[in-house]
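So the sequence shown is numbered by my numbering: it starts at 11 and just counts up by one. We treat Cβ as the ideally placed atom computed from N, Cα and C, and that holds for glycine.
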Amino acid sequence: MSVATALVIENDPTDDLRRLGEWLTEAGLELTVLRPHAGDELPETLDDYLALIVLGGDQNAYPDAEGVPGAPWFPALEGLLRKAVRHRVPTLGVCLGGQLLASAHGGLVERSTSGPEIGPGLVGKRDAADTDPLFKWVPLLPDVVQWHRDEITELPLRSVLLAASSRYPHQAFRLGDRAWGLQFHIECDAAMIEQWAASDRAAIDELGYDAEAVVFATADILPDVEEVWQPFAARFASLALGTLPDADIPGSGTGRTLPLLGQ
């Protein structure tokens, strides 16, 4: 195993790395993709990896009424997410992956009372993003792709809210100084959106949307999504590779600190 490799967990075959994978590899980060939905076993530790990336999926991050997890591998994956935060392994959770990062650390994920959120959207950065190694370069109102029914209703203790929207207040957060969760998608291409629209007509109908219009409107903003989130992905890759010059968060108490002049 190459120590210059990031571990990617694909929870659902309909939500793979797509453009995010291209951005990360272009930035020099090698990727090892595990597909537990196809029988791949999760590792016990992250000792052989520089970073952890957990993708989205159609499952729920919370157990059902009988206590059955949303997927058989979710308890092990949440354990891996806890180890990542504890050992400061750079971590990125996207949509379901962000929800699992939250639930693994005591946050609460539930079916949203606001209904599904589907298609192109904007999220608003919070003040805490100004000192975040990844989010400080993201514009104030970045374009994103939304496709979810569940939401993080309570963030984990000691997490930092980085982006919000009016209907779904917890759009992006950080745990510790090396783990980020996103409620929205940044990886999608037009083909992925077409596939989701075809398979998720119930949610589109619930919102009163036209499926073709959703696909067209989402495809239309993909260049704007790339303009914002490709540099974000590159900064994450640099963080994992140890080449990000401003990776430490002022006052976090967890990063390296420079001595004061004269001391």
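- By Cβ distance below 7 Å, which residues in the same chain neighbour L106 in space, the five residues on each side in sequence not counted? N21, G66, G67, Q69 and A71
- Query: Whole-angstrom Cβ separation of V64 and I19, contact assumed at under 8 Å?
  - Reply: 5 Å
- Excluding five sequence neighbours on each side, which residues of the same chain lie with their C-beta closer than 8 Å to the C-beta of L56? L17, L62, L90, K93, A94, H97 and V99
- Who pairs with Q156 in a beta bridge, going by DSSP? G129
- Query: Quick one: complete beta strand (DSSP E) runs, 3+ long, within the segment 69-133?
  - Reply: 101-104, 118-121 and 127-132
- Query: For F242, which three-state DSSP category applies?
  - Reply: helix
- Query: Do L87 and L281 come within 8 Å of each other at the CB atom, strictly closer than that value?
  - Reply: For residue 281 there is no data in the structure shown, the boundaries of the chain being 11 and 273.
- According to DSSP, is E216 helix, strand or coil? helix
- Message: As a quick exercise: from A200, E120 and Q193, pick the residue whose alpha carbon is nearest that of D74.
- Response: E120
- Message: Which same chain residues end up closer than 7 Å to T35 when comparing Cβ atoms and leaving out the 5 residues on each side of it in sequence?
- Response: L41
- What are the boundary residues of the beta strand (DSSP E) that includes E40? E40 to L44
- Touch check for the segment 193-200 and the segment 149-160: three-plus C-beta pairs under 8 Å? yes
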